[in-house]
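Below is one structure, written out as structure tokens; the observations come after it.
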Amino acid sequence: MAARLSTSQLARVIPCSRPLLVATRPLSSSASRPAPPKKIGGKNVLWGKKKGATGEEDASAGGQGLGNVLDEVTLPAPDLSSLTVLQPETLTADAVGDVRAFSTATLATFKAVGIPPLLEKEFSFSRRPATVVRGATLEASSILDASKKSSSKDSRHVITGPAGSGKSVLLLQTLAYAQATGWVVLYLPSATPALNSSTPHVYSSTQALFDQPALSLQLLSKFTAANKVAFKALRTRQEWTFGDRVVKAGTGLDELATKSVDEKSATSVLEALFDELAAQKTHPVLLGIDDSQALFATSSYVDPSYEAVESFSLTVPRLLLEYISGVKAFTTGSVMIAPSLLSTRKSPAMTRFLGDEKSTASSAYTPVGTSFDTYTEILSGLKQLAVPPRLERKEAVGVVRMLQGWRGVREIVSDQTFLERYVATDGSPRHFRRSLEKSVEL
């Protein structure tokens, strides 16, 4: 067998039009001396060396500030106990732009009924979820103050605004304000689960509707958990019969909603609970529904002939629509809904109501469904509560302070950086916040 050629021999035999890209460092028995590390400096450094850092700290960082990075990452959670709680007495004109923490009772309600996933993720960044007071917050609280002694038929609102303007946050702020002032809160973070065929449905010949027993049972449990004190204090005004179960007059609403309730009677109990809440005057009632556009369109459910079922033919959506439309009303209270523009479930009627004609099938040759007029008529009786698409300057400053408190922003935000982010995002609440969280300069 011929001897194998060495690398140097191959290099002489094989022609090459350009030099080989091989290491040129010669072999040496002595230890090599590495080149000194490049100094990191300048204003573009993400993590600078702390003033007064010891040599040991600097050495642990390998000469490049890694120790400081670890120090920042492993900092203990900030103390937010000094934050003012979102309460009626703290919501004044001077409070716009201030950061307000949600109360313990409000957070318990959020946990019981749920909140939109995006907000749940944001709140998980802090031990104490907080929010920034906006001008729309004061407007919503004024609506509740005016409607706590009048029928909900006269106080039915749709929170409007472009995507990312803060509609869901405003609805949660309204919920917190209502709970702090003694209201009963019936909140749904999304109407979609009532219409996307995620729970069973069965036709009820007595009601000529499609019953949703499992969903009704879930809502009874959530509403009771969110209003424990009020439901325990309120009493039924009449006797109710649900199959073999009889609920006598004077029974607490907590017992009505939870004891001996099964799927067969869940829908009837839910309707009875709404009737009792509608009749009483002790506690105003706030019905708040986020991601509500699904209520005003054909559902994903089908009947035995595989025809799509309209939302008003399902027991739970129909119950909600009755109070939204004013067919039924709470003696004292308000109805407030908010559509989601990012949802995959669209409603031509809601789109038309919001004035987005470009997205609406306005052509006479484009079908919108026989129920379009019904949903349009329901929406026509609602008032719009507009959320400004842009943050005011002091509201934007409040967002920065909140993020710094949560350590979403680790460095001081200069006036230049603030204005750059504010102008680049056109003051959009969602985009402005994300630009601060993801900025490479912060």
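First residue of the sequence shown: 6, per the numbering used here; consecutive thereafter.
All C-beta atoms, glycine included, are put in the ideal place defined by N, C-alpha and C.
What you are looking at is a predicted structure, and each value in this text was computed from that prediction instead of being measured.
What does residue i pair with, by DSSP beta-bridge criteria?
{"i": "residue 342", "result": "163, 294"}
{"i": "residue 140", "result": "None; residue 140 has no bridge partner."}
{"i": "residue 209", "result": "214"}
{"i": "residue 192", "result": "293"}
{"i": "residue 257", "result": "240"}
{"i": "residue 319", "result": "215"}
{"i": "residue 250", "result": "247"}
{"i": "residue 389", "result": "163"}
{"i": "residue 105", "result": "136"}
Go through its chain and collect everything with a Cβ distance to residue i's Cβ below 8 Å, but skip five positions before and after it.
{"i": "residue 317", "result": "323, 326, 376, 379"}
{"i": "residue 155", "result": "337"}
{"i": "residue 170", "result": "392, 393, 394, 433, 434, 435"}
{"i": "residue 22", "result": "Any reading at residue 22 must be qualified, since the residue scores a pLDDT of 44, below 50, and its modelled position is unreliable; the value itself is stated next. Result list for residue 22: empty, nothing under 8 Å."}
Would you decide whether residue i is buried or exposed? Buried here means 16 or more other CB atoms lie within 10 Å of its CB.
{"i": "residue 285", "result": "buried"}
{"i": "residue 189", "result": "buried"}
{"i": "residue 211", "result": "exposed"}
{"i": "residue 15", "result": "Note that residue 15 scores 44 on pLDDT, short of 50, meaning its location in the model is unreliable and no value can be drawn from it."}
{"i": "residue 347", "result": "exposed"}
{"i": "residue 243", "result": "exposed"}
{"i": "residue 248", "result": "exposed"}
{"i": "residue 438", "result": "buried"}
{"i": "residue 360", "result": "exposed"}
{"i": "residue 386", "result": "exposed"}
{"i": "residue 275", "result": "buried"}
{"i": "residue 246", "result": "exposed"}
{"i": "residue 332", "result": "exposed"}
{"i": "residue 93", "result": "exposed"}
{"i": "residue 145", "result": "buried"}
{"i": "residue 443", "result": "exposed"}
Can you tell me the Cα-Cα spacing of residue i and residue j, whole angstroms?
{"i": "residue 289", "j": "residue 237", "result": "15 Å"}
{"i": "residue 103", "j": "residue 265", "result": "46 Å"}
{"i": "residue 201", "j": "residue 420", "result": "47 Å"}
{"i": "residue 141", "j": "residue 118", "result": "24 Å"}
{"i": "residue 482", "j": "residue 406", "result": "With the chain covering 6 to 447 only, the question about residue 482 has no answer from this structure."}
{"i": "residue 184", "j": "residue 309", "result": "43 Å"}
{"i": "residue 256", "j": "residue 269", "result": "21 Å"}
{"i": "residue 209", "j": "residue 149", "result": "37 Å"}
{"i": "residue 204", "j": "residue 271", "result": "14 Å"}
{"i": "residue 417", "j": "residue 101", "result": "22 Å"}
{"i": "residue 354", "j": "residue 382", "result": "9 Å"}
{"i": "residue 135", "j": "residue 180", "result": "14 Å"}
{"i": "residue 426", "j": "residue 98", "result": "26 Å"}
{"i": "residue 128", "j": "residue 307", "result": "37 Å"}
{"i": "residue 411", "j": "residue 303", "result": "42 Å"}
{"i": "residue 176", "j": "residue 152", "result": "16 Å"}
{"i": "residue 430", "j": "residue 440", "result": "8 Å"}
{"i": "residue 400", "j": "residue 319", "result": "42 Å"}
{"i": "residue 96", "j": "residue 273", "result": "39 Å"}
Looking only at its own chain, which residues have a Cβ that is under 7 Å from the Cβ of residue i, when we skip the five neighbours before and after it?
{"i": "residue 48", "result": "Because the pLDDT at residue 48 is just 38, under 50, the model does not fix this residue reliably, and the value given afterwards should be weighed accordingly. Closer than 7 Å at the Cβ level, and outside the excluded window around residue 48, lies no residue."}
{"i": "residue 305", "result": "200, 201, 202"}
Can you list, in chain order, the residues of its chain with a C-beta nearer than 6 Å to that of residue i? Leave out the 5 residues immediately preceding and following it.
{"i": "residue 335", "result": "157, 283, 290"}
{"i": "residue 106", "result": "88, 90, 133, 135"}
{"i": "residue 254", "result": "241, 243, 244"}
{"i": "residue 63", "result": "Here the model assigns residue 63 a pLDDT of 42, short of 50, so the residue's position is not dependable, and the following value carries that caveat. Closer than 6 Å at the Cβ level, and outside the excluded window around residue 63, lies no residue."}
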